[in-house]
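Take 1 as the starting number for the sequence shown in full-length UniProt numbering and just add one per residue. All C-beta atoms, glycine included, are put in the ideal place defined by N, C-alpha and C.
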Amino acid sequence: MSEELLINVTPRETRVALVENGMPQEVHIERASRRGYVGNIYRGRVQRVMPGMQAAFVEIGLERAAFLHASDILRPPPALADGNGDPPAPAPTPSITELVREGQEITVQVAKDPIGSKGARLTTQLSIPSRYLVLLPYSQVIGVSARIEDDAERARLKGIMADLMAPSGMGCIVRTNAEGQGEPALAEDVDYLLRAWELVQVGSQRARAGQRIYEDLPLPLRALRDLLNSDIEKVRVDSLDTFERMCDFASQFTPDLADRLEHYPGDVPIFDLYGVEDEIQRAMRREVLLKSGGHLVIDQTEAMTTVDVNTGSFLGQRNLEETVYRTNLEAAQAVARQLRLRNLGGIVIIDFIDMVDPEHRRQVLRTLEKALSRDHARTNVHDFSPLGLVEMTRKRTTESLERQLCEPCAHCGGRGSIKTAETVTYEIFREITRAVRQFEASQLMVLASPKVVSRVLEEDSAAVAELEEFLGKSIRFQADDQYAQEQYDVVLL
1 MSEELLINVT
11 PRETRVALVE
21 NGMPQEVHIE
31 RASRRGYVGN
41 IYRGRVQRVM
51 PGMQAAFVEI
61 GLERAAFLHA
71 SDILRPPPAL
81 ADGNGDPPAP
91 APTPSITELV
101 REGQEITVQV
111 AKDPIGSKGA
121 RLTTQLSIPS
131 RYLVLLPYSQ
141 VIGVSARIED
151 DAERARLKGI
161 MADLMAPSGM
171 GCIVRTNAEG
181 QGEPALAEDV
191 DYLLRAWELV
201 QVGSQRARAG
211 QRIYEDLPLP
221 LRALRDLLNS
231 DIEKVRVDSL
241 DTFERMCDFA
251 SQFTPDLADR
261 LEHYPGDVPI
271 FDLYGVEDEI
281 QRAMRREVLL
291 KSGGHLVIDQ
301 TEAMTTVDVN
311 TGSFLGQRNL
321 EETVYRTNLE
331 AAQAVARQLR
341 LRNLGGIVII
351 DFIDMVDPEH
361 RRQVLRTLEK
371 ALSRDHARTN
381 VHDFSPLGLV
391 EMTRKRTTES
401 LERQLCEPCA
411 HCGGRGSIKT
421 AETVTYEIFR
431 EITRAVRQFE
441 ASQLMVLASP
451 KVVSRVLEED
461 SAAVAELEEF
471 LGKSIRFQAD
481 DQYAQEQYDV
491 VLL
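Below you can see the structure in the form of structure tokens.
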């Protein structure tokens, strides 16, 4: 599979696209005015303790206080074994009031960016990532990414890391990129992480509440650290200055892959050349067309994302069950790609077209899981429910692509629909009646959108005449382009 990383840099915005076989799969955006906070470490002050929520709100210098749950607060490790030599039972989470108090200063790390109306999610279980590892300063666990499936390789990496981490007394997680790496490369990462942790400790002692102690890398360097692997054939950057900084970073941390970086000097914008701009525009739409003629309808809500699969114009060549099966197979791959491209997370409900054959259901589910296996975010897929729905989760740490690029519609307030001209007309009639009963006036003037006024004068002129006769008042209507369809004013003259 051919993979490329495309990096588009402008003075106020940086965008990274991961392209597989010519198709954009992921888009990451960072703006100078609104950089993400995930991974940053702050010195915070506990603002409020909420025993009923088992949580506290912590001031870390952001617009909204951040959220710290009791389960995310570091506690002393339990004893290794009980008197019988058996491992101890997991200790219950203490009350939040036993863990923190109002006014207390603590060092915290952002685990999730502010999303919607929610503040950032925090943890005191700090971690620092590098190219191949994630340092766990308060743990002695050596873990290996589940994506490294070969048992011998997992054992080799775990053995190397156990030796390298033993002097520090800390733990780590071995990332997928470490597969096949030798001890020297891993040792370099350990040295880097220990230096970084030393700086965090010094900063934690000196920082005041609300100050940032550690900041994650900017997006272009983060892309090299997190996304660049042996499958990536090229990394193309359209900014010479950023290209040079990335080369310095790569030569220090990933020298074996540094030759894959390439400066793109072309006149055609790099995202246009690879069709990424068009794909971003399509990702803003609810409907996703499938090659077979079917389509998906994707709706993102506060609680979850729903995906509806429809056959559309696809009629198939054999029978209905075969048509449904083929459409669902294609939809499973398309859903996995759209979740990555749109960065949709949390709970996802997929309504595949009903299938009678259990084997067809198994194949569709297997296709979905295989397509999701390339996703960098953690996913968890459940079997078909009794209602024929597939429930899954995808780890969410940042806002979706749509919510990064869009805002609620000024006319409908984010509802996705507006009142019809007929509905607004009858609201105006009721408002006129209400106004005349409350205030004295010889005549009234209504200001409204051209579409509403046109309807009143053409289709409801008889109703206006009846209302004038009933109220004994003259009513004039005036169209104003500044009024949205749901807006109007009734003026007493």
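On the DSSP bridge assignment, give the partners of Gly-312 in chain order. None, per the DSSP bridge assignment.
Between which two residues does the alpha helix (DSSP H) harbouring Asn-328 extend? Annotation for Asn-328: the continuous alpha helix (DSSP H) segment containing it runs 320 to 342.
For Tyr-37 and Ala-66, the rounded distance between their alpha carbons: Straight across, the Cα-Cα distance linking Ala-66 with Tyr-37 is about 11 Å.
Could you tell me which residues DSSP pairs with Leu-474 in its beta bridges? One detail in the question is off: residue 474 reads as Ser in this sequence, not Leu. Ser-474 is bridged to Gln-443.
Taking the continuous alpha helix (DSSP H) assigned at Tyr-42, which residues delimit it? Per DSSP, Tyr-42 belongs to no alpha helix (DSSP H); it is in the beta strand (DSSP E), 41 to 50.
Assign Gly-85 to one of three DSSP states: helix, strand, or coil. Reliability fails at Gly-85, whose pLDDT of 49 lies under 50, so the model's placement of it is uncertain and no value is given.
With a 10 Å radius around its C-beta and 16 neighbouring C-beta atoms as the bar for buried, classify Lys-395 as buried or exposed. Under this definition Lys-395 is an exposed residue.
Beta-carbon contacts of Gln-404 that lie in its chain and below 6 Å, excluding the five residues immediately before and after: Ile-29, listed in sequence order.
Run through the DSSP bridge pairs and tell me what Ala-479 is partnered with. The secondary-structure analysis by DSSP pairs Ala-479 across a beta bridge with Ala-448.
To which residues of the same chain is Gln-281 closer than 8 Å at the C-beta, ignoring the five residues directly before and after it? Excluding its 5 nearest sequence neighbours in each direction, Gln-281 has no C-beta neighbour in its own chain below 8 Å.
Contact belief for Thr-242 with Val-9 at Cβ below 8 Å, rounded distance in angstroms: Beta-carbon to beta-carbon, Thr-242 and Val-9 are separated by about 5 Å, close enough to satisfy the 8 Å threshold.
Would you check if the distance between the CB atom of Leu-122 and the CB atom of Val-134 is smaller than 8 Å? No, the Cβ-Cβ distance between Leu-122 and Val-134 is not below 8 Å.
When the Cα of Leu-320 is compared with those of Leu-289, Leu-99, Ala-331 and Val-356, which residue comes out closest? The residue among Leu-289, Leu-99, Ala-331 and Val-356 with its C-alpha nearest the C-alpha of Leu-320 is Val-356.
Rounded to whole angstroms, what is the Cα-Cα separation between Gly-143 and Glu-149? Distance between the alpha carbons of Gly-143 and Glu-149: 13 Å.
Between which two residues does the alpha helix (DSSP H) containing Gly-398 stretch? One point to set straight first is that residue 398 is Thr, not Gly, in the sequence displayed. Neither: Thr-398 is in no alpha helix (DSSP H) and is coded neither H nor E.
Looking at the structure shown, is Gly-159 part of a helix, part of a strand, or coil, going by DSSP? Residue state, collapsed to three classes: helix.
Please say whether Thr-107 and Thr-93 have beta carbons closer to each other than 8 Å? With contacts defined as CB atoms closer than 8 Å, Thr-93 and Thr-107 fail to qualify as a contacting pair.
Whose C-beta lies closer than 8 Å to the C-beta of Pro-51 among residues of the same chain, with five residues either side of it excluded? If we look at Pro-51 and ignore the five residues flanking it on each side, its Cβ neighbours are Ser-95, Ile-96 and Thr-97.
Please name the residue or residues paired with Val-190 in a DSSP beta bridge. For Val-190, DSSP assigns no beta-bridge partner whatsoever.
Could you spell out the range, first to last residue, of the alpha helix (DSSP H) harbouring Arg-430? Taken as a continuous stretch (DSSP letters only), the alpha helix (DSSP H) holding Arg-430 covers 421 to 438.
I'd like the list of long-range same chain contacts for Asp-113, defined as Cβ closer than 7 Å, with 5 residues on each side in sequence excluded. These residues qualify, in order along the chain: Gly-36, Tyr-37, Val-38, Ala-120, Thr-397, Thr-398 and Glu-399.
Span of the beta strand (DSSP E) around Asp-489: Run containing Asp-489: 488 to 492, per the beta strand (DSSP E) assignment.
Note down the Cα distance separating residue 503 from Glu-279, rounded to an integer number of angstroms. Beyond the ends of the chain as shown, which are 1 and 493, falls residue 503; an answer cannot be given.
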